[in-house]
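Chemist: Just passing along the structure, written as structure tokens.
Have a look at this one:
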């Protein structure tokens, strides 16, 4: 096996290696019971409307949970497929053909491995795009749940960040195909025409502070001073998490600082 072949196959496999399991939402187990009798009619009507909204949110959470579960399975499948190709190449490493026929067969095996690895990567990319489209469709339905719509620039930044799902984390990188955490949010907002500072330690002072209960898509989320994520709605964030991982969707933590770019 030649060094270029090992490098190409290894880089393809690394696209699906080292990622943490994505959190799967657990929809609420039940909804509030019907409004008791004896309450003012206006109150009962408002309570019934909110109950309907909660039911709609629960259904969307269940849909998102299913999408994330399928994305996890896609990632594991691609990891196994690309690993099998890489293992086959390593097993072939000691081959030393001593005649032209064996040499040609070795070259055929190498070509088949490269084609197979390329096909696995393309298939994973197609699946990831389908999952992304489903997630975006959930976000577009949010107005029916009476959730305040994000401003246009924040929405553009969220769409830009989600378009980078699967791109590798590289420390100090700021796009367009590899990122660290602050590089991802800076690049995403740049696509919306908004300037953010480069580092997490500066971005934590950008914009205005927002309470966790008021978070909106496009807000900057800081689980700690050295890491930044981008809120995308439904209690989720998109982030470039750490070395060895790719841009992914995660659940927003409980103890976070939030800033809203102006």
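Numbering (the UniProt record's numbering), first residue to last: 1 to 262. C-beta atoms are modelled at their ideal positions from N, C-alpha and C, and glycine is treated no differently.
How big is the Cα-Cα spacing for residue 122 and residue 241?
Modeler: Straight-line Cα distance between these residues: approximately 23 Å.
Chemist: Tell me the rounded alpha-carbon separation between residue 177 and residue 105.
Modeler: Distance between the alpha carbons of residue 177 and residue 105: 36 Å.
Chemist: Would a check of beta-carbon distances place residue 182 closer than 7 Å to chain B?
Modeler: Judged by its chain identifiers, the structure shown contains no chain B, having just a single protein chain.
Chemist: Please name the residue or residues paired with residue 179 in a DSSP beta bridge.
Modeler: DSSP, once it has assigned bridges, lists 169 and 174 as partnering residue 179.
Chemist: Per the contact definition of three or more C-beta pairs closer than 8 Å, is the stretch 192-207 in contact with the stretch 220-234?
Modeler: These segments touch.
Chemist: In this structure, what does DSSP give as the bridge partners for residue 248?
Modeler: In the DSSP output, where bridge partners are listed per residue, residue 248 has 239.
Chemist: Using only the alpha-carbon positions, how far apart do residue 85 and residue 116 sit?
Modeler: If you take the alpha carbons of residue 85 and residue 116, they lie about 7 Å apart.
Chemist: Please determine, among 185, 152 and 132, the residue with the shortest C-alpha to C-alpha distance to residue 163.
Modeler: It is 132 whose Cα lies nearest to the Cα of residue 163.
Chemist: Which of the three DSSP states, helix, strand or coil, is assigned to residue 8?
Modeler: Residue state, collapsed to three classes: helix.
Chemist: Secondary structure at residue 230, three-state DSSP: helix, strand or coil?
Modeler: Strand.
Chemist: Sort out for me which residues DSSP pairs residue 96 with in a bridge.
Modeler: DSSP lists no partner for residue 96.
Chemist: Contact check, residue 169 vs residue 180 under 8 Å by CB: the rounded distance?
Modeler: Confirmed, about 6 Å.
Chemist: May I ask which residues mark the beginning and end of the alpha helix (DSSP H) holding residue 220?
Modeler: Counting along the chain, residue 220 falls outside any alpha helix (DSSP H), though it belongs to the beta strand (DSSP E) covering 220-224.
Chemist: If you draw a straight line from the alpha carbon of residue 252 to that of residue 13, how long is it in whole angstroms?
Modeler: Answer to the nearest angstrom: the Cα atoms are 28 Å apart.
Chemist: Count the other C-beta atoms from every protein chain shown that fall within 10 angstroms of the C-beta of residue 347, then say buried if there are 16 or more, exposed otherwise.
Modeler: There is simply no residue 347 to check, as the chain begins at 1 and stops at 262 in what is shown.
Chemist: Can you tell me which of the three DSSP states residue 149 falls into?
Modeler: In this predicted model, residue 149 has a pLDDT of only 41, less than 50, meaning its place in the structure is not dependable; the value taken from the coordinates is given anyway. Note: residue 149 maps to coil in three-state DSSP.
Chemist: Could you give the C-beta distance for residue 196 and residue 185, rounded to a whole number, given that I count them as a contact under 8 Å?
Modeler: Indeed, because the Cβ distance is near 6 Å, the residues count as touching under 8 Å.
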